[in-house]
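A.B. asks:
Residue numbers (the numbering used here): 25 to 444.
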């Protein structure tokens, strides 16, 4: 089966003597720096050279997480090709026999059988198509006919100020739409917060049945809104250097590439995130515990400063946390803790942001409340923060409507009973 391997890539540039420009010096230094690069290896041991050239191309333009996500999808495609015994350049005249059309059918079937999420099917197909577009442009593949047919579609967008804009984009007949029901509430990546009662049930069950590390992760997720990727890279020094906000009394931690030490964030956004005093103390107490110190002794020097290490002294990965979260969810459902049914880690972030926005709207004007939540959650776009305002407003309206309906329904019921 094809696998995704990580290599240490070091580029070699020609020696340019007497370079006076600091821009050129910095560029050469960045080009020659060692970087981790994902590579796809076939079951035979040969590398998929075209795909690996694409990974190198992406690494020059995108952040490592985006490159890794794209190559994971392409590795999934490579595994399917090997399982089906189809070459990646197989494009006969009949469409239904072409490799990409067969792969699309397999993804749709897996989606319909609930083996993969609809978003995963859409993202995997999109990543594979991006690879083929690049390979065709780079003349690494040149079939006799067209690989698929493209069409131009108009996409309308409306800004927060009500301005409408139409863009024309190219869409492929192989695209798998990730269709969702219109309307409803859409927060970050479509997640919903849990109620305060639900949060308490989740945390209590995790404290009793999850590992100490996952329990702490959930507490920090609910209490500070950190994304899972940031949590996995959180340093002890980050907690130790957290300062007290004189206005709110919260601790604030510096995260992002500009922080010292740096902590990974989505899109490389730097800023200060809140963490309340009790949670801050709990995290530092865990950092000094014998359980964590034993793990630290097994860790490589560059990882010893991380707050969270697995039992082998390795940094936690998002996949490992997701796997443990799935096991905890299954155990909770067996115990009839139904709040776990649709719960995944990112909902802890939505819960924190919603609670913070509710409190902020009670004491601040809308604009200042949005600024506070945006800064605390490191939202790169204010539109994301505004969704929480709309969610709270719509939730309040729906609750009032439900109360009015219940009152009217009960009134009608009593009236019918009295007539009888």
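Ideal Cβ positions, reconstructed from N, Cα and C, are used throughout, including at glycine.
Once DSSP output is grouped into helix, strand and coil, what is the label at residue 270?
C.D. replies: The residue you call residue 270 lines up with position 246 of the chain shown. Coil, per DSSP.
A.B. asks: Hey, how far is the Cα of residue 27 from the Cα of residue 382?
C.D. replies: For the purposes of this step, residue 27 is taken as the residue at position 3 of the chain shown. For the purposes of this step, residue 382 is taken as the residue at position 358 of the chain shown. Residue 27 and residue 382: Cα-Cα distance of roughly 46 Å.
A.B. asks: Use the C-beta contact count for residue 212: other C-beta atoms within 10 angstroms, 16 or more gives buried, fewer gives exposed.
C.D. replies: For the purposes of this step, residue 212 is identified with residue 188 of the chain shown, where counting begins at 1. It counts as buried.
A.B. asks: Am I right that residue 198 and residue 153 are in contact with their C-beta atoms under 8 Å? What's the rounded C-beta distance?
C.D. replies: Residue numbering aside, residue 198 sits at position 174 when the chain shown is read from its first letter. Residue numbering aside, residue 153 sits at position 129 when the chain shown is read from its first letter. Contact holds; Cβ gap of about 6 Å.
A.B. asks: Quick check on residue 372: buried or exposed, where buried means 16 or more other Cβ atoms within 10 Å of its Cβ?
C.D. replies: Against the chain shown, residue 372 aligns to sequence position 348. Buried, since its Cβ has 16 or more Cβ neighbours within 10 Å.
A.B. asks: With a CB to CB cut of under 6 Å and the five nearest residues on each side skipped, what residues in its chain are close to residue 113?
C.D. replies: Within the chain shown, numbered from 1, the residue matching residue 113 stands at position 89. The answer, listed in chain order, is 165.
A.B. asks: Measure the C-alpha to C-alpha separation of residue 98 and residue 173 and round it to an integer number of angstroms.
C.D. replies: Numbered from 1 along the chain shown, position 74 holds the residue referred to as residue 98. Numbered from 1 along the chain shown, position 149 holds the residue referred to as residue 173. Distance between the alpha carbons of residue 98 and residue 173: 21 Å.
A.B. asks: Do residue 377 and residue 397 have their CB atoms nearer than 9 Å?
C.D. replies: Taking the first residue of the chain shown as 1, we reach residue 377 at position 353. Taking the first residue of the chain shown as 1, we reach residue 397 at position 373. Contact: yes.
A.B. asks: Does DSSP put residue 199 in a helix, in a strand, or in coil?
C.D. replies: Numbered from 1 along the chain shown, position 175 holds the residue referred to as residue 199. Looking at residue 199 - three-state DSSP - the assignment turns out to be coil, as it is neither helix nor strand.
A.B. asks: Is the stretch 258-270 touching the stretch 300-313, taking contact as three or more C-beta pairs under 8 Å?
C.D. replies: Yes, they touch.
A.B. asks: Helix, strand or coil for residue 225? Go by DSSP, reduced to three states.
C.D. replies: Looking up residue 225 in the chain shown gives position 201. If DSSP states are grouped into helix, strand and coil, residue 225 belongs with the helices.
A.B. asks: Excluding the five sequence neighbours on either side, which residues of its own chain have a C-beta within less than 8 Å of the C-beta of residue 51, listed in chain order?
C.D. replies: By one-based count along the chain shown, residue 51 stands at place 27. Confidence in residue 51 is poor, its pLDDT being 49 and thus under 50, which makes the residue's placement unreliable; the coordinate value appears in the next sentence. Excluding positions up to five away in sequence, the list is empty.
A.B. asks: Buried or exposed for residue 409, going by 16 or more other Cβ atoms inside 10 Å?
C.D. replies: Within the chain shown, the letter at position 385 stands for residue 409. Its Cβ being crowded by 16 or more others within 10 Å, residue 409 is buried.
A.B. asks: For the stretch 290-342, list the alpha helix (DSSP H) runs that are entirely contained and at least 4 residues long, ordered along the chain.
C.D. replies: Restricting attention to alpha helix (DSSP H) runs no shorter than 4 residues, the stretch 290-342 encloses them at 301-311 and 314-322, ordered along the chain.
A.B. asks: Taking 8 Å as the cut-off, does the stretch 355-365 touch the stretch 226-233 (at least 3 CB pairs, one atom from each stretch)?
C.D. replies: yes
A.B. asks: Mapping DSSP to helix, strand and coil, what is residue 219?
C.D. replies: Within the chain shown, numbered from 1, the residue matching residue 219 stands at position 195. Note: residue 219 maps to coil in three-state DSSP.
A.B. asks: For residue 257 versus residue 215, is the C-beta distance shorter than 9 Å?
C.D. replies: As a working mapping, residue 257 is identified with position 233 in the chain shown. As a working mapping, residue 215 is identified with position 191 in the chain shown. Against a cut-off of 9 Å, the Cβ pair of residue 215 and residue 257 comes out as no contact.
A.B. asks: How would you call residue 217, buried or exposed, if buried means at least 16 neighbouring beta carbons within 10 angstroms?
C.D. replies: In the chain shown, residue 217 corresponds to position 193, counting from 1. Buried: at least 16 other Cβ atoms inside 10 Å.
A.B. asks: Which residues mark the beginning and the end of the alpha helix (DSSP H) in which residue 287 is found?
C.D. replies: Position 263 of the chain shown, counting from 1, holds the residue named residue 287. Unbroken run through residue 287: none, as it is neither H nor E.
A.B. asks: Let me know the secondary structure DSSP gives residue 259 once reduced to three states.
C.D. replies: Start at 1 with the first residue of the chain shown, and residue 259 comes out as number 235. In the structure shown, residue 259 sits in a strand (DSSP, three-state: E or B).
A.B. asks: Exposed or buried, what is residue 298 when buried is set at 16 or more other beta-carbons lying within 10 Å of its beta-carbon?
C.D. replies: Within the chain shown, numbered from 1, the residue matching residue 298 stands at position 274. Classification for residue 298: buried.
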